[in-house]
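For what it's worth, the numbering used here labels the leading residue of the sequence shown as -15, then goes sequentially.
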Amino acid sequence: MKRTSLRYLLLRVCLVPILGLAVSGCFSIKNTDSATIEPDHQPSTTPLPASLTPTITATIVPTFTLTATQTLIPTSEAASSENMIQSLSSQCRLSCWGNIIPGKTSEFATKKFLSSIGELINGSVFFEYRNKRVVVDLTYKDGLVTSINLPPGITELYSVHYLFNEYGEPEEVGAEVIPETAEGTSWFSLILVYPQQGFFAIYSGEATFSQSFINICPTDTSPDLYLLESSRYTLAEMNIFVTRGWHKLKPLDALTEMDAHEFYESFRTTDNQCLLTTVPVP
-15 MKRTSLRYLL LRVCLVPILG LAVSGCFSIK NTDSATIEPD HQPSTTPLPA SLTPTITATI
45 VPTFTLTATQ TLIPTSEAAS SENMIQSLSS QCRLSCWGNI IPGKTSEFAT KKFLSSIGEL
105 INGSVFFEYR NKRVVVDLTY KDGLVTSINL PPGITELYSV HYLFNEYGEP EEVGAEVIPE
165 TAEGTSWFSL ILVYPQQGFF AIYSGEATFS QSFINICPTD TSPDLYLLES SRYTLAEMNI
225 FVTRGWHKLK PLDALTEMDA HEFYESFRTT DNQCLLTTVP VP
């Protein structure tokens, strides 16, 4: 019996340390496992900054540069275009314009030059001038320019006073007065004809009233200018060009108390005059 108790006691003494080691081993394994799980969760945090990294704002930058160029380019182009159009009138004497001479300059050279000014359509050129759409009409025959029509607005240089001083007395001065238009206004046209130089100028505008008669003031407008081959047409032939539109001309002294020569002498000294017509106010 004592031997049995002794064995039992020895067995307990041996088992307790073993069990202690086993238990501590279990805890140490559990702690080791928990340490290895933590890294598995930590990488899940790394994609979050990656999802925030795309540089979305970088696409906004070109938007600002585009709006800046769109506002600057048209302004500079309009200014340079206006200066260029104005300079064309001073490059040569009528009936030349921009070094294009009716009857001499080739169609090829003319169209090549006009394409640098604006949009070329059927031989005529369209361009913007002072915020308006302007067209300069040209005609061609046998490979040469035959006529140029410069509209009012780009012909400010060619006032009555300027033409009289630069080109002398015209061979004919015609006039037309419409006492009452469909709009209820009075209208006039005054036409200076220079066959030898190859051009005629039409000054048109709304007439004014003085006492009971209609007044015409050609100095207030820029002309409709038609350029032809110089020295080719007689006065009668050029008048065909003048009247083939809606104009019904009369000699100046048929509508005013001033003949063509008196008109020339008076207007070449000053550029701020009007003509009193004999046409009554409607």
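Ideal placement from N, C-alpha and C gives every residue a C-beta, glycine not left out.
Predicted model only: the values in this text are computed from it and were never measured.
Contact under 9 Å by Cβ, residue i with residue j
i, j, result
"Tyr248", "Leu134", "no"
"Gly119", "Ser131", "Strictly speaking, residue 119 in this sequence is Val, with Gly absent from that position. It is not a contact, given that the beta carbons lie outside the stated cut-off."
"Val177", "Glu213", "no"
"Leu128", "Pro86", "yes"
"Val226", "Gly168", "no"
"Thr203", "Asp255", "yes"
"Tyr151", "Gln195", "no"
"Val161", "Ile200", "yes"
"Phe110", "Ser65", "no"
Close-in-space but distant-in-sequence residues of the same chain around residue i (CB under 6 Å, 5 per side omitted)
i, result
"Ile44", "At Ile44 the pLDDT is 40, less than 50, meaning the model places this residue with poor confidence; the figure from the coordinates comes in the next sentence. Here the set comprises nothing."
"Ser28", "With a pLDDT of only 43 at Ser28, under the threshold of 50, the placement of this residue in the model should not be trusted; the figure read from the coordinates follows. Nothing listed; no residue qualifies."
"Pro23", "In this prediction, Pro23 scores a pLDDT of 40, lower than 50, which makes its location untrustworthy; no coordinate-derived value is stated."
"Gln54", "A caution first: Gln54 carries a pLDDT of 30, below 50, which makes its placement in the model unreliable, though a value can still be read off. Cβ neighbours of Gln54 beyond the five flanking positions: none."
Same chain only: Cβ atoms within 7 Å of residue i, ignoring 5 sequence neighbours per side
i, result
"Phe251", "Val144, His145, Phe148 and Gln257"
"Phe183", "Leu78, Ser79, Leu209, Tyr210, Leu211 and Leu212"
"Pro264", "Ser196 and Phe197"
"Leu50", "Any answer about Leu50 is weak, because its pLDDT of 32 lies below 50 and its placement is not dependable; what the coordinates show is given next. Hits under 7 Å: none found."
"Leu104", "Lys95 and Leu98"
"Cys76", "Asn83"
"Ile224", "none"
Candidates the options, of which the one nearest residue i by Cα
i, options, result
"Ile69", "Glu160, Pro136, Ser214 and Met242", "Pro136"
"Pro179", "Ala166, Thr139, Val161 and Glu221", "Glu221"
"Ser73", "Asn83, Ser64 and Ile162", "Asn83"
"Ala166", "Pro266, Ser64 and Ser65", "Pro266"
"Thr101", "Leu219, Ser71, Thr253 and Lys232", "This sequence places Ile at residue 101; Thr is not what is there. The option with the nearest alpha carbon to Ile101 is Ser71."
"Ile138", "Leu219, Leu122, Asn67 and Ile224", "Asn67"
"Pro163", "Lys88, Leu239, Trp81 and Thr253", "Leu239"
"Thr89", "Lys125, Asp121 and Asn106", "Lys125"
Residues of its chain near residue i, where Cβ-Cβ distance is below 8 Å and the 5 sequence neighbours each way are ignored
i, result
"Ala244", "Glu153, Pro154, Glu156, Val157, Pro235, Leu236 and Asp237"
"Glu241", "Leu260 and Thr262"
"Glu246", "none"
"Leu36", "Legend: pLDDT at Leu36 = 39, less than 50; position of this residue unreliable, value from coordinates given subsequently. There are no such residues."
"Leu219", "Glu155, Glu156, Val177 and Pro179"
heavy atom of the ligand ATP below 8 Å from residue i C-beta
i, result
"Val177", "The ligand content of the structure shown is nil, which means the ligand ATP is not present either."
Run of the alpha helix (DSSP H) containing residue i, from where it starts to where it stops
i, result
"Thr94", "Glu91 to Leu98"
"Glu153", "Element bounds for Glu153: n/a, residue is neither H nor E."
"Val265", "No alpha helix (DSSP H) holds Val265; DSSP gives it neither H nor E."
"Leu211", "Unbroken run through Leu211 is the beta strand (DSSP E), Asp208 to Leu211; no alpha helix (DSSP H)."
"Tyr187", "That residue, Tyr187, is in no alpha helix (DSSP H); its beta strand (DSSP E) goes Phe183 to Glu190."
Boundaries (first-last residue) of the beta strand (DSSP E) holding residue i
i, result
"Ala159", "Glu156 to Ile162"
"Asn83", "Counting along the chain, Asn83 falls outside any beta strand (DSSP E), and DSSP gives it neither H nor E."
"Glu246", "Taken as a continuous stretch (DSSP letters only), Glu246 belongs to no beta strand (DSSP E), being part of the alpha helix (DSSP H) at Ala244 to Phe251."
"Pro199", "One point to set straight first is that residue 199 is Asn, not Pro, in the sequence displayed. Phe197 to Ile200 is the span of the beta strand (DSSP E), which, as asked, contains Asn199."
Query - Segment contact flag, the region 189 to 197 with the region 99 to 116, C-beta cutoff 8 Å, min 3 pairs - result: Touching, no.
Query raised in the report: Does the pairing of the region 88 to 98 with the region 170 to 189 give three or more beta-carbon distances under 8 Å?
Result: Cβ pair count under 8 Å is below three, so no.
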